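Just so you know, the numbering used here puts 357 at position 27 of the sequence shown, and the rest follows in order with no gaps.
For reference, the structure discussed in these notes is given below.
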Amino acid sequence: MTTTTTTTTFPLGGDLPVNRLGFGAMRLAAGTFDGPPRDPATGVAVLRRAVELGVNHIDTAGFYNRGAVRANELIRRALTPYRDDLVIATKVGPLPGPDGVPSGHAGPGQLRGLVEADLRALGLERLDLVYLRVGGLTGPGAESIAERFAVLAELREQGLIRHLGVSNVNAAQLAEARAVAPVAAVQNSFANGAELLADCEAAGIAYVPYFPLGGGLVPLDLERLGRVAARVGATTSQVALGALLAASPSVLAIPGTGSLDHLEENLAAGGLVLGAEDLAELRA
Numbered sequence: 331m332t333t334t335t336t337t338t339t340f341p342l343g344g345d346l347p348v349n350r351l352g353f354g355a356m357r358l359a360a361g362t363f364d365g366p367p368r369d370p371a372t373g374v375a376v377l378r379r380a381v382e383l384g385v386n387h388i389d390t391a392g393f394y395n396r397g398a399v400r401a402n403e404l405i406r407r408a409l410t411p412y413r414d415d416l417v418i419a420t421k422v423g424p425l426p427g428p429d430g431v432p433s434g435h436a437g438p439g440q441l442r443g444l445v446e447a448d449l450r451a452l453g454l455e456r457l458d459l460v461y462l463r464v465g466g467l468t469g470p471g472a473e474s475i476a477e478r479f480a481v482l483a484e485l486r487e488q489g490l491i492r493h494l495g496v497s498n499v500n501a502a503q504l505a506e507a508r509a510v511a512p513v514a515a516v517q518n519s520f521a522n523g524a525e526l527l528a529d530c531e532a533a534g535i536a537y538v539p540y541f542p543l544g545g546g547l548v549p550l551d552l553e554r555l556g557r558v559a560a561r562v563g564a565t566t567s568q569v570a571l572g573a574l575l576a577a578s579p580s581v582l583a584i585p586g587t588g589s590l591d592h593l594e595e596n597l598a599a600g601g602l603v604l605g606a607e608d609l610a611e612l613r614a
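The following block contains the structure:
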């Protein structure tokens with residue numbers, strides 16, 4: 331594998347430099363939303379190792395839990411006292427149903443409570459980045475998000491939130507949010523189209539694809555990834571992450587795992603250099 335000697339960073343919100351290869355906490359509590367709980371001790375070990383390997387951007391949510399295992403509580407247990415350069419992003423909006431799958435949606439009056447719950451669980455006085463997550467797993471809806479985003483903007487003015495983001499949105503919803511308050515990051519599915527990427531890049535907004543390795547829901551082109559992986563001496567997952575990072579300097583990757591081995595494999599992708607031939611094949 332060809333490696334570089336430095337990790338490229340991105341100024342999240344203009345004032346929070348983060349390594350572009352971060353960590354997603356969704357799989358700490360369970361492999362899937364309706365799967366069995368994972369050993370919390372393993373989650374703690376994964377988090378500590380991630381930070382040791384240079385991760386300073388962790389993406390989480392209050393609904394990342396299964397039974398008594400909760401991602402935010404694992405983050406607090408593993409990483410407090412927090413390093414000064416550690417950026418923790420969370421998201422509010424989805425509400426778990428009886429089966430644990432986040433199928434409900436919080437109204438404007440419920441968002442403050444969700445933000446305050448994240449603050450308590452993480453042991454923080456201010457959240458670095460809070461996304462308003464809208465729509466379902468299949469993509470954004472067409473509803474207005476202005477009223478809900480305005481609630482988060484008010485909490486930002488009150489000092490509970492440093493930066494705001496939106497997740498699973500279309501162009502109209504992003505424009506609607508930006509008319510209310512500055513947007514520091516967009517978290518959308520890259521596999522469903524990166525039509526907002528150019529706008530984000532021009533505006534200095536981070537573009538953070540969720541399910542960067544498919545998440546078990548988005549099929550990856552394993553044949554094409556495998557050809558490139560064999561050529562560059564990497565794994566298919568590393569090539570997939572390397573291709574995301576090569577798409578734009580505004581892209582932040584947040585692969586998640588509950589396995590130490592997978593964690594180290596994923597983070598090694600930060601040093602992968604894909605050539606023009608490799609990227610052309612992957613983007614064809």
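For glycine and all other residues, C-beta sits at the position ideal for the given N, C-alpha and C.
Source: prediction; values computed, not measured.
Taking the beta strand (DSSP E) that residue i belongs to, which residues open and close that run?
i, result
"N349", "346-349"
"G495", "491-497"
"R413", "Segment: none, R413 is in no beta strand (DSSP E) and carries neither H nor E."
"R557", "It is not in any beta strand (DSSP E) - R557 instead sits in the alpha helix (DSSP H) that spans 552-562."
"V516", "515-517"
Going by the CB atoms, is the gap between residue j and residue i shorter than 8 Å?
i, j, result
"M537", "S519", "The displayed chain sequence assigns Tyr, not Met, to residue 537. No; because the gap between Cβ atoms is not below 8 Å, this pair is not in contact."
"A359", "R368", "yes"
"L416", "N386", "yes"
"T420", "T390", "yes"
"A355", "Y394", "yes"
"D458", "I405", "no"
"L582", "G344", "no"
"G495", "V516", "yes"
"L490", "R554", "no"
"L593", "V376", "yes"
"L590", "R379", "yes"
"L543", "P585", "yes"
"A511", "R486", "yes"
"E531", "S580", "yes"
"V348", "T339", "yes"
"A451", "E403", "yes"
"A570", "L602", "no"
"A401", "V422", "no"
"I475", "V460", "no"
"G588", "R396", "no"
"A559", "T566", "yes"
"A599", "Q568", "yes"
"V562", "D608", "yes"
"V374", "R413", "no"
"A507", "F479", "yes"
Since I believe residue j is in contact with residue i (beta carbons under 8 Å), could you give me their beta-carbon distance rounded to a whole number of angstroms?
i, j, result
"A573", "L604", "6 Å"
"P424", "R463", "6 Å"
"G392", "L444", "6 Å"
"L383", "H493", "With a Cβ gap of about 24 Å, L383 and H493 do not count as contacting."
Kindly say whether residue i, judged by its beta-carbon, lies nearer than 8 Å to any beta-carbon of chain D.
i, result
"D458", "Although the question refers to chain D, the structure presented lacks it and comprises just one protein chain."
What are the residues that DSSP puts in a beta bridge with residue i?
i, result
"N395", "R400"
"F353", "I388"
"H435", "P424"
"F340", "V348"
"L462", "V422, V496"
"A583", "L351"
"A536", "A515"
"L457", "I491"
"V417", "H387"
Assuming residue i is part of the alpha helix (DSSP H), what are its boundary residues?
i, result
"D529", "527-533"
"Q568", "566-577"
"R486", "476-487"
"L543", "Per DSSP, L543 belongs to no alpha helix (DSSP H) and is neither H nor E."
"E611", "606-613"
"D429", "No alpha helix (DSSP H) holds D429; DSSP gives it neither H nor E."
"A507", "501-510"
"L590", "590-597"
* Contiguous alpha helix (DSSP H) assignments of at least 4 residues, all confined to the segment 358-387 -> 370-382, all fully within the segment 358-387.
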